[in-house]
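Protein chains: 2
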Amino acid sequence: MPLQTNDPNRKSWIGYSSDSHFPIQNIPFGVFLTRDNVITIGTRIGDWAIDLGALQEMGYFDGVPLTDDMFMQDTLNDFISDGKKTWRLVRNRIGDIFDSENPLLRDNKEHRNRIIFNMDEVEMQLPVLIGDYTDFYSSKEHATNVGTMFRDPDNALLPNWLHMPVAYHGRSSTIIPSGIPIHRPQGQTITAGSEQPVFGPSKLVDFELEMAFITTDANNMGQPISVDEAEDYIFGMVVFNDWSARDIQKWEYVPLGPFLAKNFASSISPWIVTLDALEPFRTSGPDMEKPVLDYLKSSNDKTYDIHLEVDITPQQGKPTTICKSNFKHLYWNMSQQLAHHTINGCRVNSGDMMGSGTISGPKPDSYGSMLELSWRGERPVQLNDGTERKFINDFDTVTMRGYCKNGPVRIGFGEVSNQLLPVYEPKSKH
Amino acid sequence: MPLQTNDPNRKSWIGYSSDSHFPIQNIPFGVFLTRDNVITIGTRIGDWAIDLGALQEMGYFDGVPLTDDMFMQDTLNDFISDGKKTWRLVRNRIGDIFDSENPLLRDNKEHRNRIIFNMDEVEMQLPVLIGDYTDFYSSKEHATNVGTMFRDPDNALLPNWLHMPVAYHGRSSTIIPSGIPIHRPQGQTITAGSEQPVFGPSKLVDFELEMAFITTDANNMGQPISVDEAEDYIFGMVVFNDWSARDIQKWEYVPLGPFLAKNFASSISPWIVTLDALEPFRTSGPDMEKPVLDYLKSSNDKTYDIHLEVDITPQQGKPTTICKSNFKHLYWNMSQQLAHHTINGCRVNSGDMMGSGTISGPKPDSYGSMLELSWRGERPVQLNDGTERKFINDFDTVTMRGYCKNGPVRIGFGEVSNQLLPVYEPKSKH
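Chains as they are written, first to last, in the UniProt record's numbering: chain D, 1 to 430; chain V, 1 to 430.
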């Protein structure tokens with residue numbers, strides 16, 4: 001990869017503060033609605049959204065092999081299908097166009113006015129049509145916490161956990177971008193000791209701090225992807241809130257796994273940050289504690305040092321940061337996850353999304369869910385307005401942020417932030 | 001609904017035998033590739049595929065409110081989005097066009113040649129882009145058999161089973177139409193008593209006899225669908241083989257449910273039969289054995305009398321019918337399934353597919369999987385070539401059929417038939 005695009009010394013003629021998540025070294029991809037009500041594919045520098053459809057139309061991508069309407073679409077799926085070589089050519093070209101030394105667009109006011117929007121003027125959309133969504137369960141700390149609470153502290157991890165990245169399928173239709181409020185789900189729950197379930201609003205709505213990666217078309221049915229080639233099929237990553245209803249989950253999930261406890265909503269940060277942008281933050285994950293089967297053997301540098309934070313903001317209140325974790329804590333890396341997912345021949349398509357599972361770290365303030373932070377409600381979490389939370393209240397907003405930093409440049413994901421509304425009431429009842 | 005379309009006395013000017021699954025009273029919807037390599041939406045009468053795109057272009061749907069290219073598409077999703085009123089208008093019009101008394105197309109040889117293809121000339125495609133696929137677990141006999149084998153015969157059903165239609169999310173990307181061969185999956189399995197899993201081809205590949213229904217856009221996020229309105233959102237049904245690898249399943253599925261044991265392949269019959277065509281076969285299902293919560297209360301006539309059969313055909317051998325079951329055995333009906341799926345506000349889209357779960361009946365020859373038919377391999381199933389099967393062998397073809405019959409008219413689904421090939425070998429290894 002040309003180092004220039006990731007060079008920490010590169011500056012842009014678009015200004016931004018030193019703590020921006022979106023310096024010229026990032027160049028994420030997303031989809032937004034412009035002030036003219038047009039949907040386009042774009043990128044972001046500082047607080048400015050850049051219309052890649054308009055850029056392409058004006059010839060700024062000439063020489064890059066792209067179909068004519070590649071960026072005038074409402075999802076990134078076709079672009080992602082073009083593969084890693086094309087992603088790099090486009091990202092490098094964008095870096096060049098916005099380099100402080102390049103006058104081409106910098107000095108063309110008419111073009112700038114058609115291409116660049118303030119972030120306040122655009123509305124971020126879901127960046128991909130997600131065909132299939134899979135959620136892993138790859139944090140050893142999280143699996144251990146859950147096993148300790150609900151099963152046996154001495155055998156918290158189930159027997160398969162250290163042998164495979166355990167996963168299950170989730171629901172694509174309810175994945176939404178940051179900003180869209182969700183409703184508290186209703187459903188069946190049961191009181192301990194009772195045999196008769198009751199119906200009503202979930203009393204234990206929770207978040208799960210996760211990240212997710214988006215794939216390209218990776219394989220034909222029947223054909224596995226190896227650990228070594230897996231990163232070639234990962235377009236990029238987002239921060240992901242896998243909303244959960246713990247009381248619904250507890251009653252429904254044996255034997256086939258979580259269903260209604262999860263599929264009422266899942267939300268993602270709207271900018272997909274490429275693996276190329278994350279390359280300077282590559283780091284090592286935990287060592288494997290047990291030998292793994294050959295198809296899961298991986299070098300130990302296939303993860304990234306990504307700081308993660310979660311805030312709760314009560315209605316008309318101020319945010320309290322209640323969790324600080326890091327993506328690098330995960331026991332199983334993305335390459336192992338993708339190799340495991342396809343070892344049976346399962347097909348992976350452009351736009352598929354794979355969640356990490358809750359990312360809990362080793363310390364109590366790094367746990368990635370209210371279930372763990374409040375330890376099943378036994379240790380309520382204090383907010384800075386004097387109130388406390390065991391789980392999420394109606395009208396609370398949950399905000400997750402992710403960013404990398406190990407020098408002058410910060411590469412960030414922005415945030416995924418969604419408010420929890422009360423149970424949906426049909427209008428006729430008002 | 002105009003009775004004429006379902007009138008058993010109606011004849012078509014297209015000839016077919018009395019045991020055809022596709023009389024003029026059926027009028028299913030599918031997608032096929034014609035001899036001219038064009039993909040179109042179509043229907044079927046007898047052994048003839050009918051190009052609805054060509055029919056529309058020639059004006060045969062004039063007066064029916066449809067966009068111009070409604071049937072010149074490679075999936076039914078947009079048509080399904082148009083809703084039940086439009087499905088009925090189109091199905092009724094098709095019945096009229098092919099009625100033996102209607103000379104309009106019957107006597108126009110040029111039009112007939114452009115519209116009607118022999119089934120041998122076309123290649124059936126997946127009829128819908130399946131956004132999300134959910135699999136229920138709604139046969140009490142199946143759940144009881146599995147619980148008896150693997151848990152406790154005296155408490156075979158888990159505590160939640162009689163209170164809700166238990167379900168989990170499956171993988172859309174590997175749903176294929178009848179006719180496409182699949183590869184035996186590889187994966188991790190473990191020997192009883194061992195702590196170390198091994199890697200290799202699954203030794204226990206199985207089928208699951210299911211049916212599935214296809215939905216239209218049903219709701220916004222947060223808004224449940226009631227049992228009473230659920231049928232309005234069901235476009236139609238297919239026969240469904242939920243291929244399974246029992247040894248992979250056993251090791252991976254606790255606590256988050258089946259994953260690689262299922263997502264290597266699932267196959268469906270290619271013609272979607274509408275609920276309107278099934279209306280004459282509406283029947284009652286089993287009584288609820290325990291009171292259910294209000295949102296699951298249903299009149300007892302929301303199921304259909306659909307005969308189901310499974311054949312195994314060894315390579316170059318003849319088929320043996322090893323299972324005869326019926327859709328009406330299911331404890332939970334489709335309306336209850338859809339109401340449960342959305343009670344938490346989960347959004348359902350056009351083209352989503354929901355499987356019934358294995359449809360086992362009360363008698364041992366009505367069990368819907370090899371696991372149950374051979375009772376974990378203890379009672380091998382005899383084939384008519386003198387061989388026996390505990391599970392599915394390489395090169396075996398599994399064929400499932402479904403049809404309704406309670407008078408002179410048979411309404412059928414055709415079949416879903418797929419061969420199991422050995423584990424995929426990369427070409428470079430040959």
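Ideal placement from N, C-alpha and C gives every residue a C-beta, glycine not left out.
Local Cβ density within 10 Å of Ile-180 (chain V), reported as buried at 16 or more and exposed below that: exposed
Chain-ordered neighbours of Ala-265 (chain D) on chain V, where CB pairs are closer than 8 Å: Met-221, Gly-345
Gln-382 (chain D), DSSP secondary structure in three states: strand
Any chain D beta carbon closer than 7 Å to Asn-145 (chain V): no
Considering Cα atoms alone, identify which of V:Gln-382, V:Pro-159, V:Lys-405 is closest to Tyr-253 (chain D). V:Pro-159
Is it buried or exposed for Pro-177 (chain D), if we count other Cβ within 10 angstroms and need 16 for buried? buried
If you draw a straight line from the C-alpha of Gly-170 (chain V) to the C-alpha of Pro-8 (chain D), how long is it? 43 Å
Given that a residue counts as buried once 16 or more other Cβ atoms are within 10 Å of its Cβ, and exposed if not, what is Gly-59 (chain D)? exposed
Quick one, which of D:Asp-394, D:Phe-235, D:Trp-13, D:Trp-161 has its alpha-carbon nearest Lys-109 (chain D)'s? D:Trp-13
Say whether chain V places a C-beta atom closer than 7 Å to the C-beta of Lys-429 (chain D). Confidence is the limiting factor: at Lys-429 (chain D) the pLDDT is only 48, short of 50, which leaves the residue's position unreliable and the question unanswerable from this model.
Return yes when the C-beta of Ile-175 (chain D) is under 6 Å from any heavy atom of the ligand ZN, and no when it is not. With respect to the ligand ZN, the structure offers nothing, as it holds no ligand at all.
Tell me Asp-135 (chain D)'s beta-bridge partners as DSSP assigns them. D:Tyr-168, D:Gly-355
Could you name the residues that DSSP lists as bridge partners for Tyr-403 (chain D)? D:His-307, D:Gly-412
Beta-carbon of Met-164 (chain V) versus every beta-carbon of chain D: anything under 7 Å? yes
Residue burial classification, Leu-421 (chain V) (beta-carbon count within 10 angstroms, cutoff 16): exposed
Suppose only complete runs of 4+ residues qualify. What are the alpha helix (DSSP H) ranges in the stretch 136-200 of chain D, listed by chain order? 140-150
Which of the three DSSP states, helix, strand or coil, is assigned to Met-1 (chain D)? With a pLDDT of 42 at Met-1 (chain D), under the threshold of 50, the modelled position of that residue is not reliable, and the figure given next carries that caveat. It is coil, neither helix nor strand.
Buried or exposed: which applies to Gln-249 (chain V), given that a residue is buried once 16 or more other Cβ atoms fall within 10 Å of its Cβ? buried
Is the CB-CB distance between Met-353 (chain D) and Ala-261 (chain D) below 7 Å? no
For the alpha helix (DSSP H) holding Ala-261 (chain V), just list the boundary residues, first then last. Unbroken run through Ala-261 (chain V): none, as it is neither H nor E.
Return the chain-ordered ranges of every beta strand (DSSP E) run that is complete within the stretch 203-290 of chain V and spans a minimum of 3 residues. 209-215, 234-241, 266-268
I want to see whether chain D comes within less than 7 Å of Phe-150 (chain V), judged by CB atoms only; does it? no
Around the C-beta of residue 440 (chain V), are 16 or more other C-beta atoms found within 10 angstroms, so that it is buried, or is it exposed? Residue 440 (chain V) lies beyond the range of chain V shown here (1 to 430); nothing can be said about it.
Proximal residues of chain D, C-beta to C-beta of residue 432 (chain V) below 8 Å: The requested residue 432 (chain V) is not part of the displayed model; chain V covers only 1 to 430.
Which class does Trp-87 (chain V) belong to by DSSP, given the choice of helix, strand or coil? helix
Quick check: the stretch 15-22 of chain D against the stretch 37-50 of chain D, are at least 3 beta-carbon pairs closer than 8 Å? yes
Compare the C-beta of Gln-336 (chain V) against all C-beta atoms of chain D and say whether one is closer than 7 Å. no
Check distances from the C-beta atoms of the stretch 396-419 of chain V to those of chain D and list, in chain order, the residues that come in under 8 Å. none
Give, in chain order, every residue of the stretch 69-99 of chain V whose Cβ lies closer than 7 Å to some Cβ of chain D. none
Which of the three DSSP states is assigned to Phe-29 (chain V) in this structure? strand
Which residues does DSSP pair with Val-423 (chain V) in a beta bridge? Answer is none; Val-423 (chain V) lacks a bridge partner.
Any Cβ of chain D within less than 7 Å of the Cβ of Asp-228 (chain V)? no
Interface residues of chain C facing Trp-251 (chain V) [CB-CB closer than 9 Å]: This model lacks chain C altogether, as its protein chains are D and V.
Please name the residue, chosen from V:Asp-96, V:Gly-412, V:Leu-104, V:Pro-103, that lies closest to Thr-274 (chain V) on a Cα-to-Cα basis. V:Gly-412
How should Asn-418 (chain V) be labelled, buried or exposed, when 16 other C-beta atoms within 10 angstroms of its C-beta is the threshold for buried? buried
So which residues of chain D does Gly-170 (chain V) contact, with C-beta pairs closer than 8 Å? His-169
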